[in-house]
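**Student:** Have a look at this one.
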Amino acid sequence: MDFEPTEEQKMLVEGVRRFVREEIVPLEEKLDPDASELPPEDHQRLVEKTKAMGLYGIDIPKQFGGPDIDIVTRTLLAIEMSQHRGGLYVPCYGTFGGAGLAQLFEANDEQKEKYLFPTLRGEKKAFFGLTEPSGGSDPARAIRTRAVRSGNGWSITGRKIFISGADRADYGIVFARTAPEQGREGITCFIVDKGTPGFHVRRVVHTLRSSSYATELEFDDCKVTDGQILGELNKGFAIANDRLSRQRIPYAAACIGVAIKAQQMAVEWSKMRETFGARLSDRQAIQWMLVDNEIDIRTARYFTLAAALKARANQPFRTEAAMAKLIATEGGGRVVDRAMQIHGGMGVTKDLPLERWYREMRIRRIGEGPSEVQRMLIAREILGSKAR
Amino acid sequence: MHQRLDKPWIELTGETAARLPGQLGVYQIADASGRIVKIGTGDARQPFGLRSALQAELATLGPGHRFRVEINQMYRTRWAELLMVHRADHGELPSGNAADGARLGVLSPS
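Line by line, the protein sequences give chains A and B.
If you use our numbering, the first sequence closes out at 1615, no skipped numbers anywhere.
If you use our numbering, the second sequence closes out at 146, no skipped numbers anywhere.
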């Protein structure tokens, strides 16, 4: 891979780096160590700043009002946006906006008016309802939620778990089996509004990511219309799968950003801290940890940018995205772990962000497809598509 | 983990607050009639977590209240859960949490 950022990319990266350093980090110091949101007035003030920077809604396609920034540049910026305490899961606390549910770009005109545009304007919130208690790594086989014909519409019955934001969402997209005998060709994606009879957010699911919770949903004879089908009947899994592949590049980029910040902290600490009459940075054991960190970071950056370059060139990038996700999440975990070790007792306190990154980075090896699934995808590329 | 706190209530006094651990967690405060008036956290910004939080509540509310705590590292998400369950059970938030409603979701606990 031959990649050197353009002057424009360097300028954008520097702008976001300054934004994180001057706007996000000072605010974060006043928040709870596990905070996931800024105070509303600060959030709105910073949204105005990102709009003035021309970077608000950077994931939104140009035809829907986005700033038309390519995926390679977005990857470089995502690496910068995550370099603060809450950055792994809430980069810059959402002040750069987002595309919401990218699946809605495929919606019909009526659905776009009702759901997509209000979501892009920040007026509506949505959830993504795919994973079920029966399993999340292989959703095509694990989905037990059923949608059966009921009058002119459909009746959905089943459960979903690990669903973020469903309790605060105005609507969600929910995957249900509509033709059980057809496997992955028998899954349909429905848009379900909050308050629809039979749709319940039953409980909070607490995880290592204690800054935010997931929820468990129940659908009990939840009635929806044909007009609430997103895309085509029985073609829902392709919608889910496309999202999972695309999401892996920014997912990897956020891990790289946190790893870079953890490494910076470890380097600074090792130059300052003395034990037994010498600086930590003078000790080979510490030097080797810092070297291993640097190799993990550069390897992850290389593979993630390689995936982004292929995606930008409209070439198949599924294998590259799987490699990026695998390497960045596993390498990022190692970097944070070593940085914590170098910091000693301070590394495990809530005084520093390392303990939050340590917990949250562990989830990254599972979320958006666990490491084993990424390896399986890569193995298929090596061995042929029939490999299982 | 149960969705609702069901530990016995303890009288909120200087002595009982001082005996609390300095750990992180959540708490509920009830008035003399048993009505929950506040759900809060002993968070990482307070010097002694739950102990500091309940001592601050005592200073604000004065005597005549009871409390119960749950030590919990996931105090932020547990706090939100307790508030949502309370609203589902009672139709409103505790009076001391009136300002917290805007950012809460809606649960339909079983």
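Beta carbons: idealized from backbone N, C-alpha and C, even for Gly.
What you are looking at is a predicted structure, and each value in this text was computed from that prediction instead of being measured.
1. Run through chain A and tell me which residues come within less than 7 angstroms of Arg81/B, C-beta to C-beta.
2. Please classify Gly6/B: does DSSP put it in a helix, a strand, or coil?
3. Can you check which of these residues, Ala1329/A, Ser1497/A, Ala1512/A, is closest to His1570/A by C-alpha distance?
4. Cutting at 8 angstroms between CB atoms, please list the residues of its own chain near Asn1461/A, excluding the five before and the five after it.
5. Under 8 angstroms: do the segment 1328–1342 of chain A and the segment 1511–1522 of chain A share three or more Cβ pairs, one atom per stretch?
6. May I have the straight-line CA-CA distance separating Asp1448/A from Ile1383/A, to the nearest angstrom?
7. Note down the Cα distance separating Arg1371/A from Lys1352/A, rounded to an integer number of angstroms.
8. So with CB distances below 7 angstroms, who are the chain B contacts of His1427/A?
9. Name, please, each residue of chain A whose Cβ falls closer than 7 angstroms to the Cβ of Gln39/B.
10. Unbroken beta strand (DSSP E) runs of length 3 or more, entirely within the segment 1319–1395 of chain A: which are they?
11. Looking at the secondary structure, which residues open and close the alpha helix (DSSP H) in which Asp1519/A lies?
12. What residues match up with Tyr1283/A in a beta bridge as DSSP calls it?
13. Between Arg1589/A and Ser1598/A, is the Cβ-Cβ spacing less than 8 angstroms?
14. So which residues on chain B does His1433/A lean against when the C-beta distance must stay under 9 angstroms?
15. At a CB distance below 9 angstroms, what residues from the segment 1385–1405 of chain A approach chain B? Give them in sequence order.
16. In chain B, which residues lie with their C-beta within 9 angstroms of the C-beta of Glu1264/A?
17. With distances taken between CB atoms, is the gap from Ile1522/A to Ile1487/A smaller than 8 angstroms?
18. Pick out whichever of Arg40/B, Gln59/B, Ser131/B, Thr113/B has its Cα sitting closest to the Cα of Leu140/B.
19. Does the count of Cβ pairs from the segment 1342–1350 of chain A and the segment 1429–1449 of chain A closer than 8 angstroms reach three?
20. Hey, could you find the ends of the alpha helix (DSSP H) Lys1237/A is sitting in?
21. Between which two residues does the alpha helix (DSSP H) harbouring Ala1486/A extend?
22. Look at Met1308/A and Val1243/A and say whether their C-beta atoms are less than 8 angstroms apart.
23. Candidates Met1516/A, Leu1444/A, Gly1560/A: which alpha carbon is nearest Val1485/A's?
24. Tell me, which residues are paired with Arg104/B by DSSP?
25. Quick one: Cα of Pro1288/A to Cα of Pro1580/A, how far?
26. Could you work out which residues of chain B lie near Lys1577/A, taking near to mean beta carbons separated by less than 8 angstroms?
27. Can you find a C-beta in chain B that's less than 8 angstroms from the C-beta of Tyr1320/A?
28. Which ranges would you report for the alpha helix (DSSP H) in the segment 1249–1276 of chain A if only whole runs of at least 4 residues count?
29. Could you give the distance in angstroms between the alpha-carbon of Tyr1320/A and the alpha-carbon of Arg1583/A?
30. Compute the Euclidean distance between the alpha carbons of Phe1355/A and Ala54/B, then round it to the nearest angstrom.
31. Restricting to Cα atoms, I'd like to know which of Glu1350/A, Tyr1316/A, Leu1444/A is closest to Asp1394/A.
32. Below 8 angstroms on the Cβ atoms is my contact criterion, and I expect Phe1617/A with Thr1423/A to pass it. Report the Cβ-Cβ distance as a whole number of Å.
33. With 8 angstroms as the threshold, decide whether the Cβ of Tyr1440/A is near any Cβ in chain B.
34. From Leu1532/A to Ala1555/A, what distance separates their C-alpha atoms?
35. Using 8 angstroms for Cβ pairs, my map puts Gln1330/A next to Ile1400/A. What's the rounded Cβ distance?
36. Within the same chain, show all residues whose beta-carbon is closer than 6 angstroms to that of His126/B, passing over the 5 residues directly before and after it, in chain order.
**Tutor:** The relevant details are as follows:
1. Working through the second sequence from its first residue, we reach residue 81/B at position 45. Per Cβ cutoff of 7 angstroms: Asp1259.
2. The structure shown has nothing for residue 6/B, since chain B only spans 37 to 146.
3. By 1-based counting over the first sequence, the position of residue 1570/A is 343. Of Ala1329/A, Ser1497/A, Ala1512/A, the residue nearest in Cα terms is Ser1497/A.
4. For the purposes of this step, residue 1461/A is identified with residue 234 of the first sequence, where counting begins at 1. Result list for Asn1461/A: Thr1405, Ala1406, Gln1409, Glu1412, Gly1413, Ile1414, Thr1415, in chain order.
5. no
6. Against the first sequence, residue 1448/A aligns to sequence position 221. Against the first sequence, residue 1383/A aligns to sequence position 156. Roughly 5 angstroms separates the two Cα atoms.
7. Stepping through the first sequence from its first residue, residue 1371/A is reached at position 144. Stepping through the first sequence from its first residue, residue 1352/A is reached at position 125. In a straight line, the C-alpha of Arg1371/A is about 25 angstroms away from that of Lys1352/A.
8. For the purposes of this step, residue 1427/A is identified with residue 200 of the first sequence, where counting begins at 1. Simply Ser144.
9. As a working mapping, residue 39/B is identified with position 3 in the second sequence. Near Gln39/B (Cβ distances below 7 angstroms), the residues of chain A are Arg1430.
10. 1353–1356, 1373–1377, 1380–1391
11. Looking up residue 1519/A in the first sequence gives position 292. Unbroken alpha helix (DSSP H) run through Asp1519/A: 1511–1539.
12. Counting from 1 along the first sequence, the entry for residue 1283/A is found at position 56. Per DSSP, none; premise fails for Tyr1283/A.
13. By 1-based counting over the first sequence, the position of residue 1589/A is 362. By 1-based counting over the first sequence, the position of residue 1598/A is 371. No, they are not a contact pair.
14. As a working note, residue 1433/A is residue 206 in the first sequence. Here the neighbours are Met37, Asn108, Met110, Thr113, Arg114, Glu117.
15. Gly1392, Ala1393, Asp1394, Arg1395, Ala1396
16. As a first step, residue 1264/A is located in the first sequence; it is residue number 37 there, counting from the start. Neighbours of Glu1264/A on chain B, chain order: Arg139.
17. Against the first sequence, residue 1522/A aligns to sequence position 295. Against the first sequence, residue 1487/A aligns to sequence position 260. Not closer than 8 angstroms, so no.
18. On the second sequence, residue 140/B is found 104 positions in, with the first residue counted as 1. The residue with the shortest Cα to Cα distance from Leu140/B is Thr113/B.
19. no
20. Numbered from 1 along the first sequence, position 10 holds the residue referred to as residue 1237/A. Its alpha helix (DSSP H) spans residues 1234–1246.
21. Translated into the one-based positions of the first sequence, residue 1486/A becomes position 259. Per DSSP, Ala1486/A belongs to the alpha helix (DSSP H) from 1463–1499.
22. Your numbering for residue 1308/A matches position 81 in the first sequence. Your numbering for residue 1243/A matches position 16 in the first sequence. A contact, by the Cβ cut-off of 8 angstroms.
23. Numbered from its first residue, the first sequence carries residue 1485/A at position 258. Per the Cα distances, Gly1560/A.
24. Taking the first residue of the second sequence as position 1, residue 104/B is located at position 68. Looking at the DSSP assignment, Arg104/B forms a beta bridge with Gln64/B.
25. Translated into the one-based positions of the first sequence, residue 1288/A becomes position 61. Translated into the one-based positions of the first sequence, residue 1580/A becomes position 353. So the two alpha carbons sit approximately 33 angstroms from each other.
26. On the first sequence, residue 1577/A is found 350 positions in, with the first residue counted as 1. The answer, in chain order, is Ala80.
27. As a position in the first sequence, residue 1320/A is number 93, starting the count at 1. No, its Cβ sits nowhere closer than 8 angstroms to a Cβ of chain B.
28. 1252–1255
29. Within the first sequence, residue 1320/A is the residue found at index 93, counting from 1. Within the first sequence, residue 1583/A is the residue found at index 356, counting from 1. Computed Cα separation, rounded: 15 angstroms.
30. In the first sequence, the residue the question calls residue 1355/A occupies position 128. In the second sequence, the residue the question calls residue 54/B occupies position 18. Approximately 45 angstroms, taken between the alpha carbons.
31. If you number the first sequence from 1, residue 1394/A lands on position 167. The candidate whose alpha carbon is nearest that of Asp1394/A is Leu1444/A.
32. What the structure shows of chain A is the stretch from 1228 to 1615, and residue 1617/A is not part of that stretch, so it cannot be assessed.
33. Indexing the first sequence from 1 puts residue 1440/A at position 213. Interface residue, yes.
34. Here residue 1532/A is taken as the residue at index 305 of the first sequence, counted from 1. Here residue 1555/A is taken as the residue at index 328 of the first sequence, counted from 1. Cα to Cα, the separation comes out at about 11 angstroms.
35. Here residue 1330/A refers to the residue found at position 103 of the first sequence. Here residue 1400/A refers to the residue found at position 173 of the first sequence. Sure, about 6 angstroms apart at Cβ, within 8 angstroms.
36. For the purposes of this step, residue 126/B is taken as the residue at position 90 of the second sequence. Correct list: empty, nothing qualifies.
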